[in-house]
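Accompanying notes for the structure given below.
Chains as they are written, first to last, in the working numbering: chain A, 326 to 424; chain B, 60 to 541; chain C, 10 to 474.
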């Protein structure tokens, strides 16, 4: 399988990564190298019933509905790149106002 | 033109009534100052991890059972990946191909189609996103993450609805069931219930579905109906002029009543769902699920039927009283305190319901209302006077009904002597009417009753007045006849 | 009152001197004498000294503390100071450890050489033109250079055992779910394990014991009692040690092969039985890993968007999307971006079944290989830790896959969630070589008791033939 330039750009868009034009060709090459390498898994005949494996507990332990979250030693205002009147601020984008 | 059939499916999100968030122990209080209910988890800080809320799971399970769904013993949390400023982690923890529950239904009566049954495809749990405020800072969008992480249940219906009116009826019924089950407040005003709709049209008799559009931004059940009416009309107009319906998302504008496609022309999202590796599967034992089922409170349909049989209430009364779980509960408490069921029903459907709709509570306790009803029954108060006392008690709930009635001078007079006195005064004052009465205009009796009430400043017991009047008038005839 | 000279204060001073002397290694991203001294004061005034009293520990920079920045060696977190502590930090400090040193690493733990740090590579303490391994290269170097007796790293695909092997120190990876990940910046959530470097097996075991145990803040921790520090075994009589043939390819580096031959001989001398076996799906470990880890990482790194913390950059369009793209495009290094792209790709519509789902199924085959081995009467597995000794800086940075193959003997263990340890097993041309022991899930005590026994009889720094 091969990833083309357009596909790389599409994936970059999904991942919100800006890819510079001068990097694109090398990136496409490297990604193809990786994808070709991992594609060897296709030759493994897995039983259709094979359950995916995840280590850890077999079932999740639930938490009681009691307030008491881990406290913050620093407030959101101190962490944020831009913060005003109690809000995080980001640049506006026309399409978002519809929501 | 009724050659078009409308097909509607609804996606409803309800906030589960928990004290803390879905995956962390921050409080869920509505209306707190922005960004004050935050911890590393719901802030999406590096290194934070989710731990699910047991009560959220229990409420979601109750909701699923109340909707007749199959609750699955094993379900899986999944990450739904996309970028948005109200989504701290850049993904929402939700459920995808192994949801908590599938396969239920909601039924209601439709004037067009009789009893309508709408399938529920699935119910799953997920976390809410934060809130964006667009117009507060010029050129900026403000982000408040208090809401981020609040537990939600998403309920998806089959496309079984056939009109905007049915959509509204479905929502009303769904809400009623979930409120009864104690799962959610289901308040669109407070944002604890949100609706997105999918709608398409097809020729009547056609089995394939038409292209559906998504309608969002409806903030009341009435607006859901309006929005779907507008979108149906838009689709019909398109198709009837030879155009095609495009698969778009539209936003409803409550001011104009119109729907408009969103400005963002992005392709449909690729959410890249995969099971969340931070959360092992959710495993619920069949015993536990069965316990939740038996622990379900009596649901609307069952309660309605029981009120009809147990209290011999008319169908209409039962339906009105059970429209809100709290109303029905109040009604039964009034009857338990000794009131006649039908009288209690009348009060609940009128004065009590008005107060409840205005204020969201019941200031007059069921025992006090039962007492008030008793005072009317024994003739101490007229019904009219009792309503006045009720209004007083609603403002000052600690007052006693009888004491309030006395203070307002509303206690009825049933004493025969007093009544006779007023009757005599009225008959003396209206000889012409007396003559007309004796000439055959017997309906003037109510005129006399009214006059007695006026003269007694409402204090006379109307039930006692009538026989005294009749007796007096009879006597006058006798004496005239002598 | 005790008349003992304040032990921790002296350690703090000495550690500061050694850190200053070791600056050339570039193994730290931040450390503070003031904080070291404050920690010493705290420890010296503890009513009951804990098992780690006065031990200075370096922490890989992806384990968060409130006093110092946690950058994960990335520009996208430059200057970020966490407002909360990782769970392990609280446990270690309560046991008397002094935590004031953050170690350099591959950016977001993605790498096998620590050459992918945004703040410069780390030099191998014994050979400055070589890499210490990665991604926990800074922690490994600090222990190897004698700056601290123990350090925390993290493993996703061998990132503690591999640098331990390169640097000639002990590296222990616990079972997945043994140690809380709350406060470990996530890379591959189903693989990540906070792990330990030590000069000796005992040092590492002490630290691991203190950290271990379930945590209500981490739903992937397993409900078991904390790991106890085992007594070293006197011999290996009654133990069967499996040697999987897939880990001993004919073209294995001569020095590595020699070191392992010697280790096998030591096992026999100690009375252990050596048994050959096959782990048939071994060759699929690296490609499986390089689908699962990037996929989970792509989602885990989506939170770095410049909205709530960290430095922010906005592109020329000035809108929200250009905030995301500029912050991430300029904040993440090349290797991280590559992995995010791969991860996004393998999860995207149309590819999920072929890649991610398939990889999870192959993963279960790999785990099954180990389970079957342990069920067949084998108590521990013995393998080389790395295919070669430390390579030169710049040798593998051009070809991402070449770098990935450095993890060929270690990443299967992460996929299976098992505990494993690398102990120094000699040197080849002056460069350390590690031998790896692998145990069944939650058998850390068996693992470390045996490792301690071997440690005693292997001349760690001796040149192998």
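Quick reminder that beta carbons are idealized off the backbone N, C-alpha and C, glycines included.
| Query | Result |
| --- | --- |
| In chain B, which residues lie with their C-beta within 9 Å of the C-beta of residue 198 of chain C? | 108, 335, 336 and 337 |
| Work out the CA separation of residue 313 of chain C and residue 199 of chain B for me, nearest whole Å. | 19 Å |
| Give the straight-line distance between the Cα atoms of residue 424 of chain A and residue 393 of chain A, rounded to the nearest whole angstrom. | Because the pLDDT at residue 424 of chain A is just 44, under 50, the model does not fix this residue reliably, and the value given afterwards should be weighed accordingly. Using only the alpha carbons, I get a separation of about 32 Å. |
| Following a CB-centred definition, is residue 321 of chain C positioned closer than 6 Å to any heavy atom of the ligand MG? | As presented, the structure is devoid of all ligands, the ligand MG included, so that no description of it is given. |
| Which residues bound the alpha helix (DSSP H) around residue 299 of chain B? | 280–299 |
| Residue 466 of chain B to residue 510 of chain B, Cα distance in whole Å? | 24 Å |
| Which of the three DSSP states is assigned to residue 333 of chain B in this structure? | strand |
| Nearest by alpha-carbon distance to residue 398 of chain A: which of C/51, C/338, C/288 and C/92 is it? | C/92 |
| Using a Cβ-Cβ distance cut-off of 7 Å, determine whether residue 71 of chain B contacts chain A. | no |
| So which residues of chain B does residue 305 of chain C contact, with C-beta pairs closer than 7 Å? | 336 |
| For the 8 Å Cβ check, are there 3 or more pairs between the segment 172–189 of chain B and the segment 384–391 of chain A? | no |
| Please list the residues of the segment 192–216 of chain B that have a C-beta atom closer than 9 Å to any C-beta atom in chain A, keeping them in chain order. | 192, 193, 194, 195, 196, 197, 198, 199, 200, 201, 202, 203 and 204 |
| Just the C-alpha distance for residue 559 of chain B and residue 378 of chain B, rounded to the nearest angstrom, thanks. | This structure cannot settle anything about residue 559 of chain B, because the visible part of chain B is limited to 60 through 541. |
| In terms of residues, what are the limits of the alpha helix (DSSP H) holding residue 296 of chain C? | 294–309 |
| Which residues in chain B have a C-beta closer than 9 Å to the C-beta of residue 332 of chain A? List them in chain order. | The premise fails here: residue 332 of chain A is roughly 12 Å from chain B at the closest Cβ pair, so nothing lies under 9 Å. |
| Chain A partners of residue 52 of chain C, CB-CB under 9 Å? | Those within 9 Å of residue 52 of chain C in chain A number zero; the least Cβ separation is about 21 Å. |
| Roughly how many angstroms lie between the CA atoms of residue 431 of chain B and residue 412 of chain B, to the nearest whole one? | 16 Å |
| So, is residue 99 of chain B buried or exposed, given that buried needs 16 or more other C-beta atoms within 10 angstroms? | buried |
| With a threshold of 16 other CB atoms inside 10 Å of the CB of residue 421 of chain A, please say whether the residue is buried or exposed. | Residue placement at residue 421 of chain A is poorly supported in this model, since its pLDDT is 49, which falls under 50; the coordinates still yield a value, given next. It counts as buried. |
| Given a threshold of 16 other Cβ atoms within 10 Å of its Cβ, counted over all protein chains shown, does residue 533 of chain B qualify as buried or as exposed? | exposed |
| Using only CA atoms, which one of C/133, C/100 and C/117 lies nearest to residue 127 of chain C? | C/117 |
| Compare the C-beta of residue 422 of chain C with all C-beta atoms of chain B and state if any pair is closer than 7 Å. | no |
| Once the 5 residues before and after residue 11 of chain C are set aside, which same chain residues still bring their CB inside 8 Å of it? | Because the pLDDT of residue 11 of chain C is 44, which lies under 50, any placement of that residue in the model is unreliable, and the question is left without a value. |
| To which residues does DSSP link residue 74 of chain B through a beta bridge? | B/211 |
| Suppose only complete runs of 4+ residues qualify. What are the alpha helix (DSSP H) ranges in the segment 134–159 of chain C, listed by chain order? | 146–153 |
| Measuring only the C-alpha atoms, how far is residue 261 of chain C from residue 396 of chain C? | 6 Å |
| Starting from residue 170 of chain C and walking both ways along the alpha helix (DSSP H), at which residues does that stretch end? | 170–176 |
| Touch check for the segment 132–150 of chain C and the segment 172–181 of chain C: three-plus C-beta pairs under 8 Å? | yes |
| Beta-carbon within less than 6 Å of residue 460 of chain B's beta-carbon, same chain only, minus the 5 sequence neighbours each way: which residues are those? | 427, 430, 431 and 448 |
| Does the Cβ-Cβ distance between residue 317 of chain C and residue 384 of chain A come in under 7 Å? | no |
| Quick one: does residue 414 of chain A have its CB under 7 Å from some CB of chain B? | yes |
| To the nearest angstrom, report how far apart residue 220 of chain B and residue 176 of chain B are at their CA atoms. | 9 Å |
| Taking the alpha helix (DSSP H) that residue 331 of chain A falls in, what are its first and last residues? | 330–339 |
| What residues from chain C crowd round residue 373 of chain B, counting only those whose CB sits closer than 7 Å? | What residue 373 of chain B touches in chain C: nothing, since even the nearest Cβ is about 53 Å away. |
| Contact criterion: CB-CB distance below 7 Å. Does residue 329 of chain A meet it with respect to chain C? | no |
| Is the Cβ of residue 350 of chain A closer than 7 Å to any Cβ of chain B? | no |
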